[in-house]
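J.: Numbering (the UniProt record's numbering), first residue to last: 1 to 547.
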């Protein structure tokens, strides 16, 4: 009936052969009629039927994923598996140690041998509890990464030898990206730098960093950017505006039996030769010229029995007379404050601080900002977060969390400390006059774990650092003498330096003289601004007036 109305010719159809000519074009509608089975409405068939048909008829096309994404996925999966396995092993070892110790204790008690109780064999120490910092999600993600392992891996990568023909274009590209001034380096031929580590630790031409001639000035210890500076109040150092951290947390607290000055010294019997006398005279001259105190108690006496000290605390206990003399010389009197670095001198003094950030393109060696004596070193085997200005605004107490080397000593105005702070991808912190220092090392981490475990077994808090002294460097000064501008060490890549020093704070004007503000006459005066780029040898400030 439908075909008749459309004007189509009559066809004789049979039940067994219901087939239309293919294709059959309708003359009025100009479209072909399908010869297949009649189509049903999409909504009439079930969803599972349509899904099965789509999966059957859809052609599967395989496309490669990026190589970097694949490597990152495999690495993350492997890191997760290794971490789970290590955690399981530690739990199993702890359980075995506890059960074994309990069995041994019970057996000894049964045998009546109480003397051997507690003499358990020393095993691998447990890892120190990591400090989980507070902060935004970026900080939380960063705290879960193995930054120390990545930094050690980066240090190995920096030491790989670069092909000869790639050195010049590679180092020029690096200099262009990070702003390295190639005209200042002492070795102009870039082919002579075999790897990235040697280029990072490059030296400068003589005379490109002249020292400021002002004898009362403190020089910038390195090339970098001034992040913060100011006076320390209530033992707090300002990291960024509105965010502070404790000076005790940065430098550490005073250890019992430690000395803050030159201790009792002795030399072998048999007298002193001309060479020893010449060295002593040179050291005395150094101390007198730079206003640094020194003492000579029993310098030419015979050998004396000295108490052996633990490697963690290498300082010696001084006598009361020498301690009183040192306190008088360094103007460190007994005060009400519990901080060991505080001063109660008659001359008004204060503690000042400054933070310098070294970018990847800066000159990576650091120098002595003043003439001073380094008495001891404290190594904090902490984390290795980035010390970029962005993270300093996000992570409170960043410098107290990172690995750092605290150098403590004195200069003509009193206390002086110099702290190179480690960072992510910083291969190591080098101190030229310290042969024992190893930073970002598995050995030092294990030693710190041992010290933390030993302190916990004795019921004492862990100090957080390993200490060494430089008393043998100078029998007169009781430490290692450094002249202003002398090279002290350096970083691999970039990091930060924190200076904390004691200096006169000047005198206030009286109300009779019209005083109406907080300014002081004389004393320490800053000559830098926040965010300013400074060069090594440039004056960051000086003290005015006489002591």
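All C-beta atoms in this analysis are idealised placements derived from N, C-alpha and C, irrespective of residue type, glycine included.
#1: My guess is that residue 217 and residue 539 are in contact by the Cβ rule of under 8 Å, so how many angstroms apart are they, rounded?
#2: Nearest to residue 231 by alpha carbon, out of 64, 203 and 352?
#3: Determine the closest residue to residue 489 out of 437, 365 and 478, with distance taken between C-alpha atoms.
#4: Which residues in the same chain as residue 397 place their Cβ atom closer than 6 Å to its Cβ, once the five residues preceding and following it in sequence are excluded?
#5: Please confirm whether any heavy atom of the ligand ATP lies closer than 6 Å to the CB of residue 395.
#6: Give me the residue from 227, 361 and 421 with the minimum Cα distance to residue 389.
#7: Does the separation of the CB atoms of residue 503 and residue 470 fall below 7 Å?
#8: So within the region 152-230, which uninterrupted alpha helix (DSSP H) runs reach at least 4 residues, ignoring any that extend past its ends?
#9: Taking 8 Å as the cut-off, does the region 400-412 touch the region 374-383 (at least 3 CB pairs, one atom from each stretch)?
#10: Relative to the C-alpha of residue 170, which residue among 155, 154 and 192 is closest?
#11: Do residue 535 and residue 209 have their C-beta atoms closer together than 7 Å?
#12: Quick one: what's got a C-beta closer than 7 Å to residue 196's C-beta in the same chain, skipping five residues either side?
#13: What residues match up with residue 420 in a beta bridge as DSSP calls it?
#14: By how many angstroms is the C-alpha of residue 361 removed from the C-alpha of residue 179?
#15: How would you call residue 436, buried or exposed, if buried means at least 16 neighbouring beta carbons within 10 angstroms?
#16: Cα separation between residue 249 and residue 229?
#17: Name the DSSP bridge partner or partners of residue 504?
#18: Skipping 5 residues on each side, what residues in its chain have a beta carbon closer than 7 Å to that of residue 561?
#19: Between the C-alpha atoms of residue 65 and residue 172, what's the straight-line distance to the nearest angstrom?
#20: Per DSSP, what kind of secondary structure is residue 62 in: helix, strand or coil?
#21: Within the same chain, show all residues whose beta-carbon is closer than 8 Å to that of residue 486, passing over the 5 residues directly before and after it, in chain order.
#22: Using CA atoms only, rank isn't needed, just tell me which of 433, 422 and 417 is closest to residue 591.
#23: Would a C-beta distance cut-off of 7 Å place residue 374 and residue 410 closer than the cut-off?
#24: Tell me the DSSP secondary structure of residue 74 in three-state form.
#25: On a CA-only basis, which of 402, 383 and 479 is nearest residue 433? Give me that one, please.
#26: Just tell me which of 69, 183 and 148 has its CA closest to the CA of residue 401.
#27: Check whether chain B comes within 7 Å of residue 194, counting only Cβ atoms and requiring the distance to be less than that.
#28: Nearest-angstrom Cα distance between residue 174 and residue 199?
#29: Looking only at its chain, what residues have a beta carbon closer than 6 Å to the beta carbon of residue 529, apart from the 5 residues adjacent to it on each side?
#30: With residue 145 as the anchor, note down where its alpha helix (DSSP H) starts and where it stops.
#31: Is residue 238 helix, strand or coil when you go by DSSP?
#32: Give me the Cα-Cα distance between residue 419 and residue 247, rounded to the nearest whole angstrom.
#33: With a threshold of 16 other CB atoms inside 10 Å of the CB of residue 203, please say whether the residue is buried or exposed.
#34: Tell me the DSSP bridge mates of residue 377?
#35: Over what stretch of residues does the alpha helix (DSSP H) that includes residue 390 continue unbroken?
#36: Consult DSSP for residue 538 and reduce its assignment to one of helix, strand or coil.
T.: Working from what's here:
#1: Between residue 539 and residue 217 the Cβ distance is about 4 Å, and since that is below 8 Å, they are a contact.
#2: The shortest Cα separation from residue 231 among 64, 203 and 352 belongs to 352.
#3: When 437, 365 and 478 are compared, the shortest CA-CA separation from residue 489 is found for 365.
#4: For residue 397, where only same-chain residues beyond five positions count, the Cβ hits under 6 Å are 245.
#5: The model depicted lacks the ligand ATP and carries no ligand whatsoever.
#6: When only C-alpha atoms are compared, the closest one is 227.
#7: No. Outside cutoff.
#8: Within the region 152-230, the complete alpha helix (DSSP H) runs of at least 4 residues are 164-178 and 196-200.
#9: The region 374-383 is in contact with the region 400-412.
#10: Looking at 155, 154 and 192, the one whose alpha-carbon comes closest to that of residue 170 is 192.
#11: The Cβ-Cβ distance between residue 535 and residue 209 falls below 7 Å.
#12: Excluding positions up to five away in sequence, the list reads 158.
#13: Bridge partners of residue 420: 497.
#14: When rounded, the distance between both Cα atoms is 6 Å.
#15: Residue 436 is exposed by the Cβ-count criterion.
#16: C-alpha separation (whole angstroms): 18 Å.
#17: Looking at the DSSP assignment, residue 504 forms a beta bridge with 349.
#18: There is no way to answer for residue 561, as the model of the chain reaches only from 1 to 547.
#19: Going from the Cα of residue 65 to the Cα of residue 172 covers about 33 Å.
#20: Correct three-state label for residue 62: coil.
#21: Result list for residue 486: 367 and 368, in chain order.
#22: The chain is shown from 1 up to 547; residue 591 falls before or after that span and cannot be answered.
#23: No. Outside cutoff.
#24: Helix, per DSSP.
#25: Per the Cα distances, 479.
#26: Selected option, being the one with the closest Cα: 148.
#27: In the displayed structure, chain B is absent; only one protein chain is listed.
#28: If you draw a straight line from the Cα of residue 174 to the Cα of residue 199, it comes to about 10 Å.
#29: Excluding sequence neighbours, residue 529 sits near nothing in its chain.
#30: Membership of residue 145 in any alpha helix (DSSP H) is not indicated, and neither H nor E is assigned to it by DSSP.
#31: Looking at residue 238 - three-state DSSP - the assignment turns out to be strand.
#32: Going by the C-alpha atoms only, they are around 12 Å apart.
#33: Answer is exposed; the Cβ neighbour count stays below 16.
#34: When beta bridges are read from the DSSP output, residue 377 appears opposite 407 and 468.
#35: In this chain, the alpha helix (DSSP H) harbouring residue 390 covers 389-394.
#36: When secondary structure is reduced to three states using DSSP, residue 538 falls in the coil class, being assigned neither helix nor strand.
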